[in-house]
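Down below is the structure, laid out as structure tokens.
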Amino acid sequence: MNFELIAASAAGVGSGTGGNGDTVGVDTMIVPVFAESLQRMPEGLASSKLLPRMADRHATTWLYGAEGRPDVLFVGLGEAAKYGLHVLRDAAGEAGRALVRENRLTAVLIFAGLTAGRPSCDGGTDEVEAWVEGSLLGVYSFDKYKKDAKARAAATIRLAVGDDAALREAIRIGSIRAESTIWARDLINEPPNRLRPLDLAARVKERFTDTEAQVTLYEGEQLEQMGFAGVTAVGKGSEHPPVFIEVRYCSDSSKPLVALVGKGITFDTGGISLKRDHDISDMRMDMAGAGATLAALDILVRSGASVNAAVLVPAAENSPSGRALLPGEIITYANGLSVQVGNTDSEGRLVLADALIYAHCIGAEQAIDVATLTYSVVGALGTKVAGILGDDELARDVRAAGEPFGERVWQLPLIDEYEAYLASDYADTSNISRVGEAGAITAALFLRKFVHPSLRWAHIDMSGTKEASSAKGQHAVGATGFGARMLAEYVSRMK
Numbered sequence: 001m002n003f004e005l006i007a008a009s010a011a012g013v014g015s016g017t018g019g020n021g022d023t024v025g026v027d028t029m030i031v032p033v034f035a036e037s038l039q040r041m042p043e044g045l046a047s048s049k050l051l052p053r054m055a056d057r058h059a060t061t062w063l064y065g066a067e068g069r070p071d072v073l074f075v076g077l078g079e080a081a082k083y084g085l086h087v088l089r090d091a092a093g094e095a096g097r098a099l100v101r102e103n104r105l106t107a108v109l110i111f112a113g114l115t116a117g118r119p120s121c122d123g124g125t126d127e128v129e130a131w132v133e134g135s136l137l138g139v140y141s142f143d144k145y146k147k148d149a150k151a152r153a154a155a156t157i158r159l160a161v162g163d164d165a166a167l168r169e170a171i172r173i174g175s176i177r178a179e180s181t182i183w184a185r186d187l188i189n190e191p192p193n194r195l196r197p198l199d200l201a202a203r204v205k206e207r208f209t210d211t212e213a214q215v216t217l218y219e220g221e222q223l224e225q226m227g228f229a230g231v232t233a234v235g236k237g238s239e240h241p242p243v244f245i246e247v248r249y250c251s252d253s254s255k256p257l258v259a260l261v262g263k264g265i266t267f268d269t270g271g272i273s274l275k276r277d278h279d280i281s282d283m284r285m286d287m288a289g290a291g292a293t294l295a296a297l298d299i300l301v302r303s304g305a306s307v308n309a310a311v312l313v314p315a316a317e318n319s320p321s322g323r324a325l326l327p328g329e330i331i332t333y334a335n336g337l338s339v340q341v342g343n344t345d346s347e348g349r350l351v352l353a354d355a356l357i358y359a360h361c362i363g364a365e366q367a368i369d370v371a372t373l374t375y376s377v378v379g380a381l382g383t384k385v386a387g388i389l390g391d392d393e394l395a396r397d398v399r400a401a402g403e404p405f406g407e408r409v410w411q412l413p414l415i416d417e418y419e420a421y422l423a424s425d426y427a428d429t430s431n432i433s434r435v436g437e438a439g440a441i442t443a444a445l446f447l448r449k450f451v452h453p454s455l456r457w458a459h460i461d462m463s464g465t466k467e468a469s470s471a472k473g474q475h476a477v478g479a480t481g482f483g484a485r486m487l488a489e490y491v492s493r494m495k
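Read in order, the letters of the sequence shown correspond to residues 1 to 495 in full-length UniProt numbering.
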């Protein structure tokens, strides 16, 4: 999609004419509406055909105009009292798909329905960012392997909000956020035979070529030399070797270094503790945490944000073989802690431990790890909310950063008494709990053992939010790219 800015008066709303020179050739007028504003549309948009359900969230309604006049697409926002920018992003996604279904190529967006229902929604920079972002994310599809996939002509959306430098910048930032999130979706959706650990590393290197970010890859003997015991152990069963990916972006060295740690298991069979599910094809998405952190840095780099950040991705394929990690093996980490492997399907925490230790070694003051770590968190919070555990202030700030994007996290407690569940007879700790409860919490407690006391840390368990089963709002079927925008926003706010 392409976006242009025009004066609000250019849409012809309120003139009774239905348009003027700036809407000639435009086939659609897009009008997002609140329930409270539906019956108070400006002249030129009001109609006796308007029904309350047209304003429901995610509703799209076409009103076909007379010959020579654009059709009107109403997009529901629900109740004004429940409005947030994530609602507008979802509406933009719905509108984008509606335009694609109807093969519309030109449209003008009118914010009259917003100002009629909520005076603070004036079509300013926040609204423009949200609409651009939501539109691009809503029309996303992963069809590169379909023989009959057809390239869609790019629609042009004219935003009737005026034209100044701030609004043009809003289009730029909204586009960057969407494009980076789409990159994350592409990585996460890739089939496992097209994205082995070294393939992921190659794509990262290619993405950040000719940017201010520096990519460093550790592989082979380097992994052992660096003390990356977890990623070496998990990756040794596969013929596709593991790699540790580090991406640094320091545009402001006066700011504290924050490490974003992403779990990069490109496919998880469970290893020797083989998964018993009927269909484990979505285990290609076990690197969704890596996708989120990499895309977050991509947003920061491409937007020119003033930050000091590092992304750390331990990448491996967890497969059974004669070389694979065995239940009962003991791993000793760079911080001296020994771990007895109770279950090889709890491999994510083993590789994240390496990265958390390394985060302190490179001087990070904060670390946020993001991972598809447990199914327990899905039982607790469902598929719309991720769990966050760790430093209270950090968790609160991350939560606030994600709200405008509809990327929601909810803090779960770290219960010290549960740490006893990880006891091992032969090592300092086990990687699994011996008690069948609080799985998300005990996983976080395991990770905490590898966090240096000086490091402010939070852990995000995003197992439920990694993918969408249907196209709705900003989401298409498949990977969501959850966390990319939230993390980028949090880092950009750091002082």
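Think of the CB as a built atom: it goes at the ideal place given N, C-alpha and C, for glycine as much as any other residue. No experiment lies behind these values; they were computed from the predicted model shown.
Just so you know, the alpha carbons of Asp126 and Leu114 end up roughly 13 Å apart. In this model, Arg196 and Arg485 are separated by some 25 Å (Cα to Cα). The Cβ atoms of Leu352 and Lys263 sit closer than 9 Å to each other. Residue range Ala229 to Gly235 is occupied by the alpha helix (DSSP H) that includes Ala229, with no beta strand (DSSP E) assigned at that position.
In the structure shown, His278 falls within a coil segment according to DSSP collapsed to helix, strand and coil.
Secondary structure remark: continuous alpha helix (DSSP H) runs of at least 4 residues inside the stretch 252-333, in chain order: 288-303. With contacts defined by Cβ atoms closer than 9 Å, Gly481 and Ala184 form a contacting pair.
For Pro197, the enclosing alpha helix (DSSP H) has its first and last residue at Pro197 to Arg207.
Judged by their CB atoms, Ala334 and Arg248 are not nearer to each other than the 9 Å cut-off.
Secondary structure at Ser135: helix, using DSSP grouped into helix, strand and coil. No Cβ-Cβ contact shorter than 9 Å links Gly124 with Ala92.
Counting along the chain, Thr442 sits inside no beta strand (DSSP E); it lies in the alpha helix (DSSP H) bounded by residues Gly439 to Arg448. Your pair Ala315 and Ile368 does not check out as a contact, with CB atoms roughly 18 Å apart and the cut at 8 Å.
In the structure shown, Glu127 falls within a helical segment according to DSSP collapsed to helix, strand and coil.
Looking at the DSSP output, Gln214 bridges to Arg248. Excluding five sequence positions before and after Tyr375, the CB atoms of its chain that fall closer than 7 Å to its own CB belong to Ser463, given in chain order.
Looking at Cys361, Pro191 and Ser338, the one whose alpha-carbon comes closest to that of Asp286 is Pro191. Comparing alpha-carbon positions, the option among Arg158, Pro404 and Ile415 lying closest to Tyr83 turns out to be Pro404. Following the DSSP letters along the chain, one finds Asp397 inside the alpha helix (DSSP H) bounded by residues Asp392 to Gly402. In the DSSP assignment, Met486 falls within the alpha helix (DSSP H) that extends over Ala484 to Arg493. Under the 10 Å beta carbon count, Val435 is surrounded by fewer than 16 other beta carbons and is classified as exposed. Counting only residues of its own chain and dropping the five nearest sequence neighbours on each side, Leu99 has a CB closer than 7 Å to the CB of Thr28, Ala107 and Ala155. For the options Ala400, Glu347, Gly402 and Lys449, the alpha carbon positioned closest to that of Leu414 is the one of Lys449. Under DSSP, Pro32 forms a beta bridge with Val75. The beta carbons of Ile30 and Ala81 sit no closer together than 9 Å. The beta carbons of Gly483 and Ala202 sit no closer together than 9 Å. Nearest to Arg207 by C-alpha distance, out of Thr372, Gly342, Asp298 and Arg97, is Asp298. In the structure shown, the three-state DSSP call for Phe405 is helix. Taking the CA atoms as reference points, Arg152 sits about 25 Å from Gly68.
Ala165: member of the alpha helix (DSSP H) spanning Ala165 to Asn189, first to last residue.
Within 10 angstroms of the beta-carbon of His360 lie 16 or more other beta-carbons, which makes it buried. Using a Cβ distance threshold of 9 Å, Tyr418 and Ile432 do not count as a contacting pair.
Separation of the CB atoms of Gly348 and Leu373 is rounded to 5 Å, and the pair is thereby assigned contact status at 8 Å. The beta carbons of Gln366 and Leu389 sit no closer together than 9 Å.
One alpha carbon belongs to Val370, the other to Ala355, and they sit about 11 Å apart. Of the candidates Leu105, Arg493 and Leu51, the residue whose Cα lies closest to the Cα of Ser306 is Arg493.
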